[in-house]
Amino acid sequence: MNILKYTDFFKDRPSVFQIKKTATQQQLAVALGQGAVLEKQNFSESTTLIMLKGEIKFSLPDVDLTFTELDFYEIPIDVEHEITGVEKENLFLIIKEMNNEPDNDLL
Numbered sequence: 097m098n099i100l101k102y103t104d105f106f107k108d109r110p111s112v113f114q115i116k117k118t119a120t121q122q123q124l125a126v127a128l129g130q131g132a133v134l135e136k137q138n139f140s141e142s143t144t145l146i147m148l149k150g151e152i153k154f155s156l157p158d159v160d161l162t163f164t165e166l167d168f169y170e171i172p173i174d175v176e177h178e179i180t181g182v183e184k185e186n187l188f189l190i191i192k193e194m195n196n197e198p199d200n201d202l203l
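Each residue of the sequence shown is one higher than the one before, starting from 97 at the first, in our numbering.
Here's what the structure looks like:
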């Protein structure tokens with residue numbers, strides 16, 4: 097299976113492909129075109145972002161971070177953030193530890 101077959105690099109919205117979901121973990125691939133925004137959200141569980149391709153701006157309330165290929169980041173719990181695609185094609189993984197509560201889907 098190839099992630100690029102299931103995602104697109106839209107400029108106006110994210111493209112999200114669920115790789116795997118179990119009772120304990122959710123794995124998603126997120127693709128953003130240049131200027132596309134993954135709207136503000138926050139996670140109540142431990143979540144890791146792993147960059148695969150391109151560059152993103154990760155905006156927290158008090159700082160903007162830049163991530164490029166092969167960077168990884170532990171997203172702070174319960175902190176609102178927004179992600180913007182910088183290059184033409186930006187692809188990253190989100191790995192979220194599930195707390196087994198109902199309606200706990202990401203994105």
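Where is the CB? At the ideal position from N, CA and C, for every residue including glycine.
This one's a predicted model, so the numbers in the text were calculated from it and none came from an experiment.
Check: Where DSSP assigns a beta bridge to VAL126, which residues make up the other side?; Outcome: VAL112 and PHE188
Check: Would DSSP call LYS101 helix, strand or coil?; Outcome: helix
Check: Give every residue of the same chain whose Cβ lies closer than 8 angstroms to the Cβ of GLU193, excluding the five residues on either side of it in the sequence, and list them in chain order.; Outcome: THR120, GLN121, GLU141, SER142 and THR143
Check: Are there three or more Cβ pairs, one per stretch, closer than 8 angstroms when the region 179 to 187 is compared with the region 122 to 130?; Outcome: yes
Check: On the three-state DSSP scale, how would you describe MET147?; Outcome: strand
Check: What residue does the beta strand (DSSP E) around THR180 start on, and which one ends it?; Outcome: 177 to 181
Check: LYS116: which of GLY131, GLU151, ILE99 and PHE163 sits nearest, CA to CA?; Outcome: ILE99
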